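Just so you know, we're using this note's numbering here: the sequence shown kicks off at 1428 and counts up by one.
Here the structure comes first, spelled out in structure tokens, and everything after it is commentary.
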Amino acid sequence: MTGSIEGLERFDSPGKGRSLRVTRPFKLGELLFSCPAYSYVLSYEERGCYCESCFTRKNGLAKCGKCHKAFYCNVKCQKGDWAMHKLECSAMTAFGENWCPSETVRLVARILAKKKMQKERCLSEKILQIGEMQSHIEDVDNEKREMNEADVARLHRFYSKHLDFPDHKDLLTLFSQVACNGFTIEDDELSHLGTAVYPDVALINHSCLPSVIVTFKGTSAEIRAVKNMKPGDEVLISYIDLLYPTDDRNNRLRESYYFTCDCQECKSKSRDKTKLKVRKQRDPIEPEIISNMVRYARKAIREFRASKHIKPPSELLEMCEQSLEEMGAVFDDSNVYMLHMMYQAMGVCLYMEDPEGAIRYGEKILKPYKQLYPPYSLNVSSMYLKLGRLYMGWEKHSMGISALKKAMAIMEVAHGKDHYYVTELRNEMTQK
Ligand SMILES: [Zn+2]
Ligand SMILES: [Zn+2]
Ligand SMILES: [Zn+2]
């Protein structure tokens, strides 16, 4: 760790390696620690809405006079970010429309720049930490290797002016470290804002029954207890979306993080049946029909994901509706595959500025979400927020307030009572 953090210690957990546990009690909602990003990058899509340097969202940000593409609160933020922004400022102008590094490439470039700066200042400690992050380079399959190779090529193409690159193998290791340890910074409605690495947070192991939750304040990560913890309890976060049944969760963990979870929920699979609920019918549905439909659902999810940034919204909505109809013959409305597609459909409706459609899907999603997710889940609070804000804009004031209050109850624990998202929400509720 960056130093020792009061109330926490590292330990070696059998089978999991380095781990983190508490040495004193922590109450529900209490902050365990906060951690500045070692390195971070704002998404290209969010430029102009957020300050590149501190991730403050506001109108009237000032733009970089050279590239006109980066935006800042003020001169102080701009100066603070220059060591990172200069990696891209002139290159973006020079390459014009051909400038297209992925967000991972942009983050890796920043990590390399930071390492170089620190070497010059003889601060070896942080470099060590990045070196300590797991890479799993030996587990990377061919498809991922090709992607990483393409990223390395883009890194050389767009960033060679400002960076000295380590050898090819070390670069591949760095890319796979970032893939395993990078965090997506999201807003209160879980929209993607950027990507960052937090060496201290990377120490925290996964569980499908997490004891803490990670939220973001600006570019810093904050870790809060989502249950009462006693001395010796391990600090555990969830790396994945916990909506899905055990097999799906572990496929995802193996694919992205190269391990299988052995938490109590993965052993007992106690919630799988509820998550895969089938329609009530007079004659029970044959197991084979159910397993075929699960296969269909997984395929539909993959196909939607692949089409998301390619097809027009009307076609995407049709894909959702079609698969919902197909699955609806076998699955209950609260089945997680149904919920997945309804969630996507709601997103498309929001994008198409169709509040009625979004509300219709949102209302169907909410109740099963509450049952299937853990008690303090950002997936649930963000759904209450979206729905609450839709109601407020749709002249359904009391329904809006009631949904926003429920979002607030979760966010006060997950984000802390003094987080600006909570303050903003409080203002939103009193204003309208
Ligand atoms: Zn700023
Ligand atoms: Zn610039
Ligand atoms: Zn598990």
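For glycine and all other residues, C-beta sits at the position ideal for the given N, C-alpha and C.
All of these numbers come straight from a predicted model, not from anything done at the bench.
Item: Rounding to the nearest angstrom, what Cα-Cα distance links THR1646 and ASP1566 in this structure?; Value: 30 Å
Item: Can you list, in chain order, the residues of its chain with a C-beta nearer than 6 Å to that of GLU1552? Leave out the 5 residues immediately preceding and following it.; Value: For GLU1552, the predicted model reports a pLDDT of 46, less than 50, meaning its position is unreliable; a value from the coordinates is still stated below. Cβ neighbours of GLU1552 beyond the five flanking positions: none.
Item: Can you tell me the Cα-Cα spacing of LYS1493 and GLU1515, whole angstroms?; Value: 11 Å
Item: Would you mind working out which of LEU1534, ILE1631, PRO1637, VAL1653 sits nearest VAL1624, comparing C-alpha positions?; Value: LEU1534
Item: Give me whichever residues DSSP pairs with GLU1613 in a beta bridge.; Value: HIS1619
Item: Going by beta carbon distance, what residues of the same chain come within less than 6 Å of PRO1528, once the five residues before and after it are set aside?; Value: ARG1581, PHE1585
Item: Between VAL1763 and the rest of its own chain, which residues show a CB-CB distance below 6 Å, the 5 nearest in sequence each way excluded?; Value: LEU1670, TYR1671, LYS1702
Item: Does the separation of the CB atoms of ALA1652 and VAL1641 fall below 7 Å?; Value: no
Item: Just to check my reading of the structure: ALA1834 and TYR1811 have Cβ atoms closer than 8 Å, yes? What is that Cβ distance to the nearest angstrom?; Value: 4 Å
Item: Please report the distance separating the alpha-carbon of GLU1457 from that of SER1809.; Value: 20 Å
Item: Using 6 Å as the cut-off, classify the Cβ of CYS1476 as near or not near the heavy atoms of ligand 3, replying yes or no.; Value: no
Item: Name the one or two DSSP bridge partners that GLN1462 has.; Value: For the record, residue 1462 in the displayed sequence is Cys; it is not Gln. Its beta-bridge partners are ALA1648.
Item: Helix, strand or coil: how does DSSP classify MET1560 here?; Value: coil
Item: Starting from the C-beta of SER1470, find all residues in its chain whose C-beta is less than 7 Å away, skip the five residues before and the five after it, and write them out in chain order.; Value: GLU1530, HIS1619, LEU1620, GLY1621
Item: For TYR1467, which of MET1656, SER1634, LYS1503, ASN1608 has the nearest alpha-carbon?; Value: ASN1608
Item: Taking 6 Å as the cut-off, is the CB of CYS1504 close to at least one heavy atom of ligand 1?; Value: yes
Item: Just the Cα atoms here: how many angstroms apart are PHE1453 and MET1560?; Value: 27 Å
Item: Going by C-alpha distance, which of SER1741, LYS1503, LYS1513, LYS1485 is nearest LYS1496?; Value: LYS1513
Item: Heavy atom of ligand 3 less than 6 Å from the Cβ of GLU1661, yes or no?; Value: no
Item: Would you kindly work out how many angstroms separate the C-alpha atoms of GLN1505 and VAL1721, rounded to a whole number?; Value: 50 Å
Item: Quick one: measure Cβ to Cβ for MET1765 and TYR1788, integer angstroms, because I've assumed they're closer than 8 Å.; Value: MET1765 to TYR1788, Cβ: 11 Å. No contact.
Item: So if I measure from each beta-carbon to every heavy atom of ligand 2 and keep distances below 5 Å, which residues remain?; Value: CYS1491, LYS1493, CYS1494, ALA1497, CYS1516
Item: Could you say which of GLY1507, ASP1689, ARG1572 lies nearest to LYS1596 if we only look at CA atoms?; Value: ARG1572
Item: Tell me whether CYS1690 counts as near ligand 3, meaning its Cβ is closer than 6 Å to at least one heavy atom of that ligand.; Value: yes
Item: Taking 6 Å as the cut-off, does the CB of THR1483 come closer than this to any heavy atom belonging to ligand 1?; Value: yes
Item: Does DSSP classify ILE1728 as helix, strand or coil?; Value: helix
Item: Since ALA1841 contacts LEU1805 with CB under 8 Å, what's their CB separation in whole angstroms?; Value: 6 Å
Item: How about CYS1500: is its Cβ closer than 6 Å to a heavy atom in ligand 3?; Value: no
Item: Between the segment 1632-1641 and the segment 1691-1699, do three or more beta carbon pairs fall short of 8 Å?; Value: yes
Item: Sorted by chain position, which residues of the same chain lie with C-beta nearer than 7 Å to LYS1657's C-beta, five sequence neighbours on each side aside?; Value: PRO1452
Item: Measuring straight from C-alpha to C-alpha, what distance separates GLU1753 and MET1746?; Value: 11 Å
Item: Taking 7 Å as the cut-off, decide whether the C-beta atoms of ILE1650 and PHE1460 are in contact.; Value: yes
Item: Exposed or buried, which one is LYS1844 when buried takes at least 16 other CB atoms within 10 Å?; Value: exposed
Item: Residue range of the alpha helix (DSSP H) that GLY1475 falls in?; Value: It is not in any alpha helix (DSSP H) - GLY1475 carries neither H nor E in the DSSP assignment.
Item: For ASN1486, which residues does DSSP report across the bridge?; Value: According to DSSP, which records beta bridges pairwise, ASN1486 is partnered with nothing at all.
Item: For LEU1550 and PRO1626, what's the separation of their Cα atoms in angstroms?; Value: Note on LEU1550: pLDDT 43, under 50, position unreliable in the model; the coordinate value appears next. Taking the straight line joining both Cα atoms gives about 15 Å.
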